[in-house]
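With my numbering as the guide, the letters of the sequence shown map in order to residues 1002 to 1311.
Shown next, in structure tokens, is the structure this report addresses.
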Amino acid sequence: PPPQKKDDNTHIMSSSHTSPNWTVLNPGSFASIRVTLPPGSSIKCESDAVITMSQGVTVSGVMSGGFLSGLARAFLTNESFFTTQVEYPVGGGERLGEVLLAPSDPGGVLLHTLEGRREDDILLTGGAYVASDNGVQVTTELQSRFGNSVLSGTGFFLLRASGRGCLACAAYGSVHKYILRAGETRAVDNGHLVAWTASMSYTVGLGGRRGGFISSVSSGEGLMCFFQGPGVIFVQSHKPNVNPDGTTSNRRTSSGLGLAPCLMVCLPIFGFIFFVIVFIVMQSLKSDASDDIYESIHYGGRQNRPYGEM
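And the structure:
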């Protein structure tokens, strides 16, 4: 899509009449996204993100990035195996189509424009992705630092958003944006991260660096993530509620959600592959058994005849 004009994190208007326009409704803790679609335009979103759509708008399930990419999203980042394609075809019946989207959990929504430059790529925590223009590619990425994966609250695997267009992400509670200048640092409590510029480095350390371990524990802050600019950080105002068994009730950090469609597709495929392997092994054993019988008849019988007989 062509370049987009943005006035804040709740409204992104395309400079072209053929590209979607994005607006966050009721920004805060119960936000939703309204996307207006000119004829011939389309967007993609998470499975089950569509609330309502106008006449002429169509939806279809696709495997964005292919089968392996869908598996990685479902098993590693709590995203859906399938991606929903929302399209308003030419001749849909109205001048503009409209679709209303929302994340699966209540919370804020942020809109961010990607300009197509590698240095502008955004890293998302698992479950944060909601929707995007078709020019945005979302892939799975392994964190390079083991300590960050374990201590930052973001997990081992992240989502990388690249390309060109609008990106919509979900937060738990309200969402806040911080733009860091070159060399500027900001500390973020672990568990509050939503997204950040991929080229920005960060480390995990004690919140009370001057006072040491005792100061950090007594302040209640504990571990924090220290980012260094330039770049942008999106944080959420609340942490997910943790159950006594260590799991969480919301999709952004809980595991297992989004795997049902994946399993429905994978199990028959793996079952078919297992059947083919068993069939090949059985045919091989049967062939070996036939060869043994043949050799015993034509060679073993000749050896058992009396000496001198042909």
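All C-beta atoms in this analysis are idealised placements derived from N, C-alpha and C, irrespective of residue type, glycine included.
Fair warning: this is a prediction, and the values are worked out from it, not measured in the lab.
### Query
If you pair each beta-carbon of the region 1104-1111 with each one of the region 1020-1032, do three or more pairs fall below 8 Å?
Between the region 1104-1111 and the region 1020-1032 there are three or more inter-stretch CB-CB distances shorter than 8 Å, so the stretches are counted as touching.
### Query
Near Gly-1136, what residues of its chain come up, given a Cβ to Cβ distance below 6 Å and the 5 sequence neighbours on each side ignored?
If the five residues before and after Gly-1136 are omitted, its C-beta is found closer than 6 Å to the C-beta atoms of Pro-1002, Gly-1164, Arg-1165, Gly-1166, all from its own chain and listed in chain order.
### Query
Just checking, does the region 1120-1136 make contact with the region 1043-1056 on the three C-beta pairs under 8 Å criterion?
Yes: at least three Cβ pairs fall under 8 Å.
### Query
The beta strand (DSSP E) spanning Tyr-1130 covers which residue range?
Tyr-1130 -> beta strand (DSSP E) spans 1130-1134.
### Task
For Met-1054, collect the residues of the same chain with a Cβ closer than 6 Å to its Cβ; drop the 5 residues on either side in sequence, then sort them by chain order.
If we look at Met-1054 and ignore the five residues flanking it on each side, its Cβ neighbours are Val-1100.
### Which listed residue (Val-1058, Val-1091, Arg-1096, Gly-1092) has its alpha carbon closest to that of Thr-1312
Past the edges of the chain, shown from 1002 to 1311, lies residue 1312, and the structure says nothing about it.
### Query
Based on the DSSP secondary-structure assignment, which residues constitute the bridge partners of Met-1225?
Note: Met-1225 sits in a beta bridge opposite Asp-1190, Gly-1206.
### Message
So Leu-1125 and Ala-1169 are supposed to be a Cβ contact under 8 Å. How far apart are they, rounded?
### Response
The beta-carbon separation of Leu-1125 and Ala-1169, rounded to 11 Å, does not stay under the 8 Å limit for a contact.
#### Entry: Alpha carbon of Leu-1286 to alpha carbon of Ile-1270, nearest angstrom
Looking at the two C-alpha atoms, the distance is approximately 25 Å.
### Message
Pop quiz: Glu-1142 and Leu-1159 are said to be a contact at Cβ under 8 Å. What is the actual Cβ separation, rounded to whole angstroms?
### Response
Their Cβ separation, rounded to whole angstroms, is 5 Å, which keeps Glu-1142 and Leu-1159 in contact under 8 Å.
### Run of the beta strand (DSSP E) containing Leu-1181, from where it starts to where it stops
Segment 1176-1181, the beta strand (DSSP E) holding Leu-1181.
### Query
In whole angstroms, what is the alpha-carbon distance linking Val-1025 and Leu-1038?
Taking the straight line joining both Cα atoms gives about 15 Å.
#### Entry: Contacting residues, own chain, Cβ-Cβ under 8 Å from Asp-1122 (five flanking each side not counted)
Around Asp-1122: Leu-1115, Arg-1161, Ala-1162, Ser-1163, Thr-1198, Ala-1199, Ser-1200.
### Reduced DSSP secondary structure (H/G/I, E/B, other) of Ser-1255
Unreliable positioning characterises Ser-1255 in this predicted model, as indicated by a pLDDT of 41, which lies under 50. A coordinate reading is not provided.
### Task
Enumerate in chain order the residues of its own chain whose CB-to-CB distance from Ala-1050 is below 8 Å, with the five nearest sequence positions on each side excluded.
Thr-1085, Leu-1102, Ala-1103, Pro-1104, Ser-1105, Val-1131, Ala-1132, listed in sequence order.
### Query
Can you tell me where the beta strand (DSSP E) with Asn-1027 in it begins and where it stops?
Note, Asn-1027: premise wrong, no beta strand (DSSP E); not H, not E.
### Task
Alpha carbon to alpha carbon, how far is Val-1176 from Ala-1196? Give it in angstroms, no decimals.
Those two C-alpha atoms are separated by around 10 Å.
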